[in-house]
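If you use the UniProt record's numbering, the sequence shown closes out at 405, no skipped numbers anywhere.
Following: one structure in C-alpha cells, then a few remarks.
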Amino acid sequence: MSYVEALRLALRRLRTNALRTGLTSLGVIIGVASLVALIGVGEGTQTALTKQIAGLGTNLLSVNAGGSLVGGIRGAAGSSSTLSLTDATAIAALPGVLAVAPEMAVPNVVIVSGRANTTTSMTGTTPAEQTVRAYEIQTGSFISDLAVAKGLRVAVLGPTTVTNLNLTPAEVVGSTVTIDGIPFTVIGVTQPKGGSGFSNPDDVVFTPISAVQSRFTGASSLRTVGVSVADPNNIAYVTSEIQATLRLRHALASTASDDFTMVSQNQLLSVASSTTATIRNFLIGIAAIALVVGGIGIANTMLVSVRERVREIGTRKAIGARRRDIGRQFLVEAVIVTLGGAVVGVLLGMAVTGPVGSAVSVPAVPTLGGIALAFGSALVVGIVAGYLPARQASRLDPVEALRYE
Numbered sequence: 001m002s003y004v005e006a007l008r009l010a011l012r013r014l015r016t017n018a019l020r021t022g023l024t025s026l027g028v029i030i031g032v033a034s035l036v037a038l039i040g041v042g043e044g045t046q047t048a049l050t051k052q053i054a055g056l057g058t059n060l061l062s063v064n065a066g067g068s069l070v071g072g073i074r075g076a077a078g079s080s081s082t083l084s085l086t087d088a089t090a091i092a093a094l095p096g097v098l099a100v101a102p103e104m105a106v107p108n109v110v111i112v113s114g115r116a117n118t119t120t121s122m123t124g125t126t127p128a129e130q131t132v133r134a135y136e137i138q139t140g141s142f143i144s145d146l147a148v149a150k151g152l153r154v155a156v157l158g159p160t161t162v163t164n165l166n167l168t169p170a171e172v173v174g175s176t177v178t179i180d181g182i183p184f185t186v187i188g189v190t191q192p193k194g195g196s197g198f199s200n201p202d203d204v205v206f207t208p209i210s211a212v213q214s215r216f217t218g219a220s221s222l223r224t225v226g227v228s229v230a231d232p233n234n235i236a237y238v239t240s241e242i243q244a245t246l247r248l249r250h251a252l253a254s255t256a257s258d259d260f261t262m263v264s265q266n267q268l269l270s271v272a273s274s275t276t277a278t279i280r281n282f283l284i285g286i287a288a289i290a291l292v293v294g295g296i297g298i299a300n301t302m303l304v305s306v307r308e309r310v311r312e313i314g315t316r317k318a319i320g321a322r323r324r325d326i327g328r329q330f331l332v333e334a335v336i337v338t339l340g341g342a343v344v345g346v347l348l349g350m351a352v353t354g355p356v357g358s359a360v361s362v363p364a365v366p367t368l369g370g371i372a373l374a375f376g377s378a379l380v381v382g383i384v385a386g387y388l389p390a391r392q393a394s395r396l397d398p399v400e401a402l403r404y405e
C-alpha cells in the first residue's frame, strides 16, 4: 500500500471519529500555540532590553565612585567621595574619548508645578550629558555651557516627568517649577526613550551641575562620570587608560584596589543577552512540556484505536495486507492528527503572541524561527507518538485477530 492510499484511508477513518480526532489534537494545538507565543515573547523581551541598554548612551562607559567604609561596613558603589570634576577633566583629555559628562545625582526630589507634583531623581551635569547618554530634545533646548558657568537655575525634564505634572511639553517649557522648594525655569523636554519603573530614563530632571553643588549637595565630589567612547572597538583600550589615569591621580599603591568601578555598555548587553536567553529557554521548556503531553494523548488514543480495530486488522491481513501496510496506516493517522493540530496551533499562537506580549509589556511578534521550531517539534512528536501503536498493530496475528471479540 502506497503512502497516498494510506493517507486516503487515514483521512476517511479520522473523519468517521471527528470529535475524538479533535480532542486528541487539542494537546498538540495548545503545545504548538504556546511555543509560538512564548518564543515570540522571549525574542521581544531580548529586543526590548537590548534597545533600552543601547538607549542608555553612545558607546557608554560609566565610571562610578567606590564604596565608603564606615565602622567596618562597606557601602554601595558611589557612596564614597573618590571622583571629582578634575578627574572628569583628566578623562576627557584621554585619546579615544568622545565626550565626558560628570554627574551628581540627587534622588527623590519633589517637583511642583501649580497644584501638581511628582517625585523623581535629579542629575546635575553638563551639556555633554546629551551626547554621552544619547538624549534628544523634543521641545526647547538642553543645558548650555553658560548655564553651567553661571550656576543658572534651569532644568530639562523627561517626558514622563512632564506627564506626571499633568502638563504637555509645549506648556512646561518656559514655565517655572520648584525642585525641593527652589524655583527653576524649564528650558527643554527630552524625547521619549521608553522605559518604566526604577531608573526610567524618561522620568528625570537635568540641571547644571554647578546649581546642584551650590543649592543641594554643597559638595564637589561626583557619583558617576559618563564617558562616550569614539570607537566602540576601543572600549577595552579606553577602559584601561581611564583606570591607569585615575589610579595615578588618586595615588593608589600598586597593591591597592581601585577606589572606583567601571561598567561598559558591552558588559550590560552581554549580561542582558545571557539573562534573556535563559528566560527564553525556560519558556520554551514549559511549552515543550505541553507539546509532549499532547503527544502522549495521541499515543494513548492510537493504542485504543488499535484495540478497537483488531478484527479489521485481522481481516486486512487475511486478504493480503502486509505488516508494513498496517503499520503505515496507523503511523499516517497519528502524523495527520499531529500536523492538523500543529497548523491550528501555529495560527492560534500567531494570534495570541501580541496580546500575551502586551500583558507583560513586551513588544512581542511571532517569529519565523519560532513557527518552524514549533511545527518541526510537532512533527517529531507525531512520529514518535504513532510509532508504538503502528508497531503493535502490524504485529497482530491475523488468526488471533479474527477470533478477537
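For each residue, glycine too, the CB sits at the ideal point set by N, CA and C.
Query: Could you check if Gln-329 belongs to the surroundings of the ligand SAM, using beta carbon to heavy atom distance under 8 Å?; Result: For the structure depicted, the ligand SAM is absent and the ligand set is empty, with no information on it obtainable.
Query: Taking Gly-42 as the reference, which of Leu-379, Val-344, Gly-357 has the closest Cα?; Result: Gly-357
Query: Can you give the Cα-Cα distance for Ser-68 and Thr-239, rounded to whole angstroms?; Result: Legend: pLDDT at Ser-68 = 44, less than 50; position of this residue unreliable, value from coordinates given subsequently. Computed Cα separation, rounded: 23 Å.
Query: Between Thr-176 and the rest of its own chain, which residues show a CB-CB distance below 6 Å, the 5 nearest in sequence each way excluded?; Result: Pro-183, Thr-185
Query: I'd like to confirm the pairing. Which residues does DSSP put opposite Thr-224 in its beta bridges?; Result: Asn-64, Glu-103
Query: For the beta strand (DSSP E) that Thr-163 lies in, which residues bound it at each end?; Result: First-last for Thr-163: 159-164, but that is the alpha helix (DSSP H), not the beta strand (DSSP E).
Query: Residues in its own chain within less than 6 Å of Gln-130 by CB, not counting five upstream and five downstream?; Result: Phe-142
Query: Can you name, in chain order, every residue of its own chain whose Cβ lies under 6 Å from the Cβ of Glu-241, other than the five neighbours on each side?; Result: Leu-94
Query: Secondary structure at Ser-240, three-state DSSP: helix, strand or coil?; Result: helix
Query: At which residues does the alpha helix (DSSP H) containing Thr-367 begin and terminate?; Result: Per DSSP, Thr-367 belongs to no alpha helix (DSSP H) and is neither H nor E.
Query: Please identify the residue among Asp-259, Ala-359, Ile-383, Ala-378 whose C-alpha is closest to the C-alpha of Arg-328.; Result: Ile-383
Query: How many Å lie between Val-271 and Val-229 at the Cα?; Result: 20 Å
Query: Suppose you measure from the CA of Met-302 to the CA of Val-32; what does that come to, to the nearest Å?; Result: 20 Å
Query: What three-state label does DSSP hand Gly-124 in the structure shown?; Result: strand
Query: Following the continuous alpha helix (DSSP H) through Val-132, name the residue where it begins and the one where it ends.; Result: 129-132
Query: How is Ile-383 classed by DSSP in three states: helix, strand or coil?; Result: helix
Query: With distances taken Cα to Cα, identify the nearest neighbour of Val-304 among Arg-115, Pro-389, Gly-226.; Result: Pro-389
Query: Using a threshold of 9 Å, state whether the C-beta atoms of Leu-222 and Pro-102 are closer than that.; Result: yes
Query: Mind checking whether Asp-259 and Thr-126 have CB atoms under 9 Å apart?; Result: no
Query: Does DSSP classify Phe-375 as helix, strand or coil?; Result: helix
Query: Among the residues of its own chain, which have a CB less than 7 Å from the CB of Thr-160, if the five just before and after it don't count?; Result: Asn-200, Asp-202, Asp-203
Query: Determine whether the beta carbon atoms of Val-335 and Gly-386 lie at a separation below 9 Å.; Result: yes
Query: Consult DSSP for Thr-45 and reduce its assignment to one of helix, strand or coil.; Result: helix
Query: Just verifying my parser: in three-state terms, what is the DSSP assignment at Thr-24?; Result: helix
Query: So, are the CB atoms of Thr-123 and Ile-111 less than 9 Å apart?; Result: no
Query: If you check the beta carbons only, do Val-337 and Val-132 fall under 9 Å apart?; Result: no
Query: My output table needs one value for Val-360: the three-state DSSP class, helix, strand or coil.; Result: coil
Query: State the CB to CB distance for the pair Gly-370 and Gly-40, rounded to an integer number of angstroms; the pair is presumed to be in contact (CB under 8 Å).; Result: 6 Å
Query: By DSSP, does Ile-73 sit in helix, in strand, or in coil?; Result: Reliability of the predicted coordinates at Ile-73 is poor, the pLDDT of 41 falling under 50, and no value is obtained from them.
Query: Helix, strand or coil: how does DSSP classify Ser-264 here?; Result: strand
Query: Between which two residues does the alpha helix (DSSP H) containing Ile-91 stretch?; Result: 85-92
Query: When burial is assigned at 16 or more other CB atoms within 10 Å of the CB, is Val-380 buried or exposed?; Result: exposed
Query: If you count every other CB in all the chains shown that lies within 10 Å of the CB of Thr-299, and 16 or more means buried, which is it?; Result: Here residue 299 is Ala; the residue named in the question, Thr, does not match the sequence. Looking at its Cβ environment, which holds 16 or more other Cβ atoms inside 10 Å, Ala-299 is buried.
Query: Quick check on this structure: which residue in Val-156, Arg-280, Gln-243, Arg-215 has the alpha carbon closest to the alpha carbon of Val-63?; Result: Gln-243
Query: Judging by CA-CA distance, which residue of Val-344, Leu-26, Thr-278 is the nearest neighbour of Gln-46?; Result: Thr-278
Query: Can you say whether Ser-25 is buried or exposed, counting buried as having 16 or more other CB atoms within 10 angstroms of its CB?; Result: buried
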